[in-house]
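Visitor: Using the working numbering, count along the sequence shown one by one with no gaps and you end on 458.
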Amino acid sequence: MTDADTIVIGAGVAGVTAARLLQDAGRRVVVLEARDRIGGRTWTDRSDGHVTDRGASWIHGIDDSPVHAAALAFGMPMAEFTVGGYQPDSRPIAHYSPDGRRLTDDEAARYVADIHAVDAALTSAIAASAPDDSYRDVTEAALAEVGGAQGWDAERAQRVREYLEHRTEEQYGVWIDDLGAHGLDDDTVNGDEVVFPEGYDRLAAGLAAGLAGGSGAGAGALDIRLGHAVSRVEWGSGGVTVRTDHGAFTSDDVIVTVPVGVLRAEAFVLDPPLPDPHASALARLEMNAFEKVFLRFDERFWDDDVYAIRQQGPEGRWWHSWYDLTRLHGTPTLLTFAAGPAAIETRSWTDAEVVDSILVQLRRLYGDAVPEPASVLRTDWQDDPFSHGAYAYMARGSQASDHDLLAVPLRGVLHIAGEATWSDDPATVPGAMLSGHRAAENALGREIPIERAWQR
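1) Mind reading off the beta-carbon distance from T8 to R29? Whole number of angstroms is fine, and I expect it under 8 Å.
2) Identify whether W60 lies in helix, strand or coil by the three-state DSSP scheme.
3) Do you know how far the Cα of V114 is from the Cα of D121?
4) Taking T125 as part of the alpha helix (DSSP H), name the residues at either end of that continuous run.
5) Look at the alpha carbon of G41 and the alpha carbon of G201, and state the distance between them as a whole number of angstroms.
6) Please report the residue range of the beta strand (DSSP E) in which L379 lies.
7) Identify the continuous alpha helix (DSSP H) that holds S359 and give its terminal residues.
8) Only counting runs of 3 or more residues, tell me where the beta strand (DSSP E) segments fall wholly within the segment 246-270, in order along the chain.
9) Quick one: give me the first and last residue of the beta strand (DSSP E) that Y98 is part of.
10) In whole angstroms, what separates the C-alpha of D386 from that of E347?
11) Count the other CB atoms within 10 Å of the CB of D66; is the residue buried (16 or more) or exposed (fewer)?
12) Would DSSP call S282 helix, strand or coil?
13) Buried or exposed, going by whether 16 or more other CB atoms sit within 10 Å of the CB of R329?
14) Quick check on the DSSP output: the beta strand (DSSP E) that includes H417 runs from which residue to which?
15) Can you list, in chain order, the residues of its chain whose CB lies under 7 Å from that of D426, leaving out five sequence neighbours each side?
16) With a threshold of 8 Å, are at least 3 pairs of Cβ atoms found where one atom belongs to the segment 98-113 and the other to the segment 239-253?
17) Classify T243 as helix, strand or coil using the three-state DSSP reduction.
18) Use the C-beta contact count for H118: other C-beta atoms within 10 angstroms, 16 or more gives buried, fewer gives exposed.
19) State the start and end residues of the unbroken alpha helix (DSSP H) segment that holds G438.
20) Assuming the contact rule is C-beta atoms closer than 8 Å, M435 and P100 should be a hit. Round their C-beta distance to whole Å, please.
21) State the DSSP-derived secondary structure class of S403, mapped to helix, strand or coil.
22) For Q313, write down the residues that DSSP places opposite it in a beta bridge.
23) Assign D255 to one of two classes, buried (16 or more other C-beta atoms within 10 Å of its C-beta) or exposed (fewer than that).
24) Once the 5 residues before and after D353 are set aside, which same chain residues still bring their CB inside 8 Å of it?
25) If you draw a straight line from the alpha carbon of V295 to that of S92, how long is it in whole angstroms?
26) Would DSSP call Y88 helix, strand or coil?
27) Is it true that the segment 396-407 meets the segment 277-284, where meeting means three or more beta-carbon pairs spaced less than 8 Å apart?
28) Classify G222 as buried or exposed, calling it buried when 16 or more other Cβ atoms lie within 10 Å of its own Cβ.
29) Where does E164 fall in DSSP's three states?
30) Is the beta carbon of V232 less than 8 Å from the beta carbon of I95?
31) Let me make sure I understand the geometry here. Which of W320, A441, A210 has the alpha-carbon closest to that of E35?
32) Residues in the same chain with beta-carbon distance under 6 Å from V191, minus the five sequence neighbours each way, listed in chain order, please.
33) Are the segment 263-271 and the segment 311-319 in contact at 8 Å, needing three or more beta carbon pairs?
34) Nearest to F76 by alpha carbon, out of G399, A206, L327?
35) For D326, which beta-bridge partners are listed by DSSP?
36) Can you tell me the Cβ-Cβ gap for E421 and T430, rounded? I've got them flagged as a contact below 8 Å.
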């Protein structure tokens with residue numbers, strides 16, 4: 003007898019969504035999770051008495067979002083915070099010039115208008131791009147078109163160029179020359195963005211425990227085996243054997259929800275290996291370098307009327323944006339990101355070295371009165387053996403269909419899910435949830451409402 007009808011590898015949002023839907027449909031499901039917790043890259047840290055989302059923070063647009071619907075069902079408090087998509091003007095933002103002076107309202111409006119003009123030209127530039135073009139190539143084409151038509155000088159164009167570089171890093175944790183031309187095609191925000199004052203991890207916990215209620219056969223808690231690191235998945239028409247550091251498990255089929263970094267790692271083996279086009283699609287996706295740095299202060303020294311602080315110019319090459327999280331918990335807190343080159347260069351730095359580097363920039367804007375932070379928390383996704391990065395991005399030569407290609411079932415036995423397998427909204431929690439729903443439907447061979455994951 004097999005251990006389960008379906009084994010799900012990974013108890014992140016994709017994995018627990020798939021498992022919940024399959025269990026609700028009557029399947030015997032076992033979830034194998036390498037970590038000592040569920041949630042994957044939704045990880046809320048409460049170890050220091052604060053609620054800190056080390057992984058995912060935002061729903062980037064609540065309209066028609068399954069994560070928003072599930073969060074409402076689970077009673078998760080939400081706070082509006084619409085700057086997570088690196089918008090230049092969605093909410094009050096303090097923009098600072100290269101010499102550290104805050105832009106006037108008129109100056110900021112002209113700068114933002116330039117960004118919107120280039121963004122409007124980007125659509126046609128991306129459509130005309132060659133297969134191996136980078137996002138740098140298409141943004142430069144759009145800059146040349148708009149700047150040339152409007153007679154921009156080099157300084158004016160450089161301000162927008164910097165914005166596009168920073169947006170690429172903050173959205174995908176990669177330098178603009180390394181991101182494929184279509185890498186930000188999905189970069190849209192439908193409705194307000196929200197964050198979770200009590201932690202994003204309540205989403206996975208609700209899905210795993212069935213917290214929305216229900217009394218059907220699938221309403222109980224999921225069978226999740228923590229601390230079970232999978233090393234090998236043997237799959238074929240006869241079924242599946244999954245080998246872990248706690249022994250082997252067998253099933254009729256398997257849903258693999260590990261990140262791209264694990265799929266490509268030597269420590270995780272698929273036997274037989276992925277065939278084409280799956281293998282080629284995987285090879286064109288990369289894991290990024292993207293870390294968070296939370297700085298908590300005894301008192302705020304920055305403006306109290308803004309959502310974000312941003313500086314232009316060469317001094318902002320690494321530290322250019324800070325997000326004010328004070329109103330989430332009442333503690334003066336700034337969040338900044340080490341993204342792309344900054345994350346790679348500071349990977350081996352101590353917390354003190356990173357903080358010193360950040361404070362140099364804050365003191366340029368607010369003066370020497372900027373104090374040392376009372377505490378600092380810094381993530382380390384690049385060295386996480388169960389992710390090898392924060393999330394996936396499309397390398398040069400990739401195409402949007404690569405996401406969906408990975409999710410095509412193999413022999414009706416092997417299904418791959420996760421944020422990197424959802425083309426419309428990759429690199430997000432909604433993308434992960436929707437991919438888990440699709441994998442469950444593929445395993446069952448029929449459609450099921452995604453709402454069954456939180457409403458039974």
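Built from N, CA and C at the ideal position, the CB exists for glycine as well.
This one's a predicted model, so the numbers in the text were calculated from it and none came from an experiment.
Guide: Answer, in terms of the structure:
1) Translated into positions along the sequence shown, residue 8 becomes position 6. Translated into positions along the sequence shown, residue 29 becomes position 27. Right, their Cβ atoms sit about 5 Å apart.
2) Working through the sequence shown from its first residue, we reach residue 60 at position 58. Here W60 sits in coil by DSSP.
3) Along the sequence shown, read from residue 1 onward, the residue named residue 121 stands at position 119. Along the sequence shown, read from residue 1 onward, the residue named residue 114 stands at position 112. So the alpha carbons of these two residues sit roughly 11 Å apart.
4) In the sequence shown, counting from the first residue as 1, residue 125 sits at position 123. Segment 107-129, the alpha helix (DSSP H) holding T125.
5) Position 39 of the sequence shown, counted from the first residue, corresponds to residue 41. Position 199 of the sequence shown, counted from the first residue, corresponds to residue 201. Spanning the two alpha carbons is a distance of roughly 11 Å.
6) Your numbering for residue 379 matches position 377 in the sequence shown. L379 -> beta strand (DSSP E) spans 377-380.
7) One-based indexing of the sequence shown puts residue 359 at position 357. Segment 353-368, the alpha helix (DSSP H) holding S359.
8) 249-258
9) Residue mapping note: residue 98 aligns to position 96 of the sequence shown, counting from 1. Segment 95-98, the beta strand (DSSP E) holding Y98.
10) As a working mapping, residue 386 is identified with position 384 in the sequence shown. As a working mapping, residue 347 is identified with position 345 in the sequence shown. In a straight line, the C-alpha of D386 is about 17 Å away from that of E347.
11) Along the sequence shown, read from residue 1 onward, the residue named residue 66 stands at position 64. It is exposed - the Cβ of D66 has fewer than 16 other Cβ atoms within 10 Å.
12) For the purposes of this step, residue 282 is taken as residue 280 along the sequence shown, with counting starting at 1. S282: helix per DSSP, three-state reduction.
13) For the purposes of this step, residue 329 is identified with residue 327 of the sequence shown, where counting begins at 1. Exposed.
14) For this step, residue 417 is matched to residue 415 along the sequence shown. That run of the beta strand (DSSP E) goes 416-418.
15) Translated into the one-based positions of the sequence shown, residue 426 becomes position 424. Answer for D426: D188, listed in chain order.
16) no
17) As a position in the sequence shown, residue 243 is number 241, starting the count at 1. Here T243 sits in strand by DSSP.
18) Locating residue 118 in the sequence shown gives position 116, counting from the first residue. It counts as exposed.
19) Numbered from 1 along the sequence shown, position 436 holds the residue referred to as residue 438. From DSSP, the alpha helix (DSSP H) with G438 extends over 431-446.
20) In the sequence shown, residue 435 corresponds to position 433, counting from 1. In the sequence shown, residue 100 corresponds to position 98, counting from 1. M435 to P100, Cβ: 41 Å. No contact.
21) Locating residue 403 in the sequence shown gives position 401, where the first residue counts as 1. Reduced to three states, the DSSP call for S403 is helix.
22) Reading the sequence shown from its first residue, position 311 is the one you call residue 313. DSSP lists Y98 as partners of Q313.
23) Taking the first residue of the sequence shown as position 1, residue 255 is located at position 253. Its Cβ being crowded by 16 or more others within 10 Å, D255 is buried.
24) Counted from its first residue, the sequence shown places residue 353 at position 351. Hits under 8 Å: V378, R380.
25) Position 293 of the sequence shown, counted from the first residue, corresponds to residue 295. Position 90 of the sequence shown, counted from the first residue, corresponds to residue 92. For V295 and S92, the distance between alpha carbons rounds to 23 Å.
26) On the sequence shown, residue 88 is found 86 positions in, with the first residue counted as 1. Reduced to three states, the DSSP call for Y88 is coil.
27) yes
28) Residue 222 sits at position 220 when you count from the first residue of the sequence shown. The residue in question, G222, is exposed, as its Cβ has fewer than 16 Cβ neighbours within 10 Å.
29) As a first step, residue 164 must be located in the sequence shown, where it is residue number 162. Looking at E164 - three-state DSSP - the assignment turns out to be helix.
30) As a working note, residue 232 is residue 230 in the sequence shown. As a working note, residue 95 is residue 93 in the sequence shown. Going by C-beta atoms, V232 is not nearer than 8 Å to I95.
31) Start at 1 with the first residue of the sequence shown, and residue 35 comes out as number 33. Of the candidates W320, A441, A210, the one whose C-alpha sits nearest the C-alpha of E35 is A210.
32) Counted from its first residue, the sequence shown places residue 191 at position 189. Cβ within range, chain order: H62, G63, G87.
33) no
34) Your numbering for residue 76 matches position 74 in the sequence shown. Nearest of G399, A206, L327 to F76, Cα basis: A206.
35) Taking the first residue of the sequence shown as 1, we reach residue 326 at position 324. In the DSSP output, where bridge partners are listed per residue, D326 has L336.
36) The residue given as residue 421 occupies position 419 in the sequence shown. The residue given as residue 430 occupies position 428 in the sequence shown. Contact holds; Cβ gap of about 6 Å.
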